[in-house]
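One structure is given below, encoded as structure tokens.
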Amino acid sequence: MRKLLFTSGVIAAGLCAGLLTSTTATAQADDGDGVTFALIGDTPYGDAQRAEFPGLVRAINTDPGVTFTLHAGDVKNGSSTCDDARFADLAGQFGTFADPFVLTPGDNEWTDCHRTAAGGYLPTERLDAVRRVFFPEAGRTLGAHSMPVKSQASDPRHQPYRENVLFTRGHVVFATVHVVGSENDLAPWAELPGGDRPDLRLAEFEARKAAALDWIDAAFARADRDHAAGVLLMMQAEPTATPGFAEIRERIADRSRAYGKPVLLVHGDEHAFEQEPAYAGVPNLTRLETFGDTASRWLRVTVDPDTREVFSWRPQTVPTT
-11 MRKLLFTSGV IAAGLCAGLL TSTTATAQAD DGDGVTFALI GDTPYGDAQR
39 AEFPGLVRAI NTDPGVTFTL HAGDVKNGSS TCDDARFADL AGQFGTFADP
89 FVLTPGDNEW TDCHRTAAGG YLPTERLDAV RRVFFPEAGR TLGAHSMPVK
139 SQASDPRHQP YRENVLFTRG HVVFATVHVV GSENDLAPWA ELPGGDRPDL
189 RLAEFEARKA AALDWIDAAF ARADRDHAAG VLLMMQAEPT ATPGFAEIRE
239 RIADRSRAYG KPVLLVHGDE HAFEQEPAYA GVPNLTRLET FGDTASRWLR
289 VTVDPDTREV FSWRPQTVPT T
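The numbers in the numbering used here rise by one with no breaks, and the one at position 297 of the sequence shown is 285.
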């Protein structure tokens, strides 16, 4: 379902966010000043964009204001192979970002790996590989200069979910939540040799959904405790009202409404730059989808806790050489 499409964005939340004291969820302190970061997703989408990807990295690395990068998932397209060699190559590329690199998984790197063109892998096996390669140390990001983050792996109830992380910058709580396309893994693994394995697939879905709901609660609890100016949630897929996402969508809407300050929900998946104020009918919740299927466009997002809107962003284009 296509929503409102714009060419630039500033949240009009209508809510004042005062200058309040906050601490991070990690040992690294948040100084309370504003912060700027790069937002990308669904890239590099195929071999041609993999060749162009170093240019995107250079553009972000040479922006003096950018202090970290968020990637909203899908580090490859759905028809390319899900083998270890590709994963290792991509992780190496992400390590060339000068600043911390924060990734949430997409469906193309595990859920959709049952596809014949992707290698016919068992998706849960590829999910283990994703965690091993892209999240090698729970509680630390990728990037040449990584940063400590709070990982959900520290919760004994959700120990596998090292990819769900939380940190504070610019008086804002950031949290990644593992929510993916293909109906959040409710879509059958139809091309898997031997056919779908619904019991395994549904068990994976239920366990990850429970972790996601608890992590959303944890992010807002942190924001309430620290009197944060805002909350940013990042996931790969938009949480629509369909069965794979309905509970997650409702939880985000309920927590955002109770929180009352600006909340930014960022995602990828549909490959279109979009923003939607008052998402899910909540005045202070805005949905932001980043560019996808490109290695030449990205969003430069600024957090300013002294402003009413807290979040603003500007599209960027990688210079041609």
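Quick reminder that beta carbons are idealized off the backbone N, C-alpha and C, glycines included.
The structure displayed is predicted, hence computed values, not measured ones.
Proximity winner among the options, relative to residue i (alpha-carbon distances)
i, options, result
"T55", "P88, A47 and A246", "P88"
"L188", "T156, K197, P144 and L110", "L110"
"A73", "R120, T50 and T308", "R120"
"E192", "Q263, D212, D214 and R114", "R114"
"F208", "T230, E194 and G248", "G248"
Distance CB(residue i)-CB(residue j) smaller than 9 Å
i, j, result
"A26", "R288", "yes"
"D257", "D100", "no"
"G29", "T290", "no"
"S244", "V270", "yes"
"A60", "V254", "yes"
"G43", "V306", "yes"
"A217", "V165", "no"
"W203", "A234", "no"
"A260", "V168", "no"
"E97", "F123", "no"
"L180", "L190", "no"
Sequence-distant residues of its chain with Cβ nearer than 8 Å to residue i (five each side left out)
i, result
"A132", "G83, T84, F85, A86 and D87"
"A178", "H102 and D184"
"Q37", "T31, D281, T282 and A283"
"T230", "E171"
Own chain partners of residue i with C-beta closer than 7 Å, once the 5 adjacent residues on each side are dropped
i, result
"G22", "G158, T290, V291, D292 and P293"
"T69", "A106 and G107"
"T129", "P88, F89, V90, M135 and V137"
"A206", "L154"
"T14", "For T14, the predicted model reports a pLDDT of 38, less than 50, meaning its position is unreliable; a value from the coordinates is still stated below. Counting only Cβ-Cβ distances below 7 Å, and skipping sequence neighbours, we find P136, V137, K138 and F155."
"E194", "none"
Assumed close pair residue i, residue j - CB separation to whole angstroms, cut-off 8 Å
i, j, result
"T112", "E151", "Actually they do not touch by this definition, with Cβ atoms about 14 Å apart."
"A241", "A268", "4 Å"
"T228", "R237", "7 Å"
Cα-Cα separation between residue i and residue j, rounded to whole angstroms
i, j, result
"P265", "A200", "23 Å"
"T31", "K64", "6 Å"
"Q16", "A126", "Confidence in Q16 is poor, its pLDDT being 47 and thus under 50, which makes the residue's placement unreliable; the coordinate value appears in the next sentence. C-alpha separation (whole angstroms): 16 Å."
"D35", "A117", "20 Å"
"R210", "V153", "12 Å"
"V251", "L276", "11 Å"
"L(-8)", "L221", "Confidence in L(-8) is poor, its pLDDT being 36 and thus under 50, which makes the residue's placement too unreliable to answer from."
"Q304", "G182", "45 Å"
"R46", "T309", "12 Å"
"T295", "T24", "14 Å"
"P186", "N272", "38 Å"
"M(-11)", "P176", "Residue placement at M(-11) is poorly supported in this model, since its pLDDT is 33, which falls under 50; the coordinates are not used for a value here."
"Y149", "R196", "8 Å"
"D51", "T57", "11 Å"
"R302", "F279", "12 Å"
"M223", "N49", "23 Å"
"G66", "E40", "18 Å"
"T104", "E262", "32 Å"
"V160", "D71", "36 Å"
"P144", "T274", "32 Å"
"D212", "S142", "21 Å"
Contact set for residue i: own chain, Cβ-Cβ below 6 Å, skip 5 residues either direction
i, result
"L78", "V63"
"E171", "G232"
"H146", "Q140 and A199"
"Y33", "N65 and D281"
Near the ligand ADP: residue i beta-carbon under 8 Å from a heavy atom
i, result
"F122", "This structure lacks the ligand ADP, and indeed carries no ligand of any kind."
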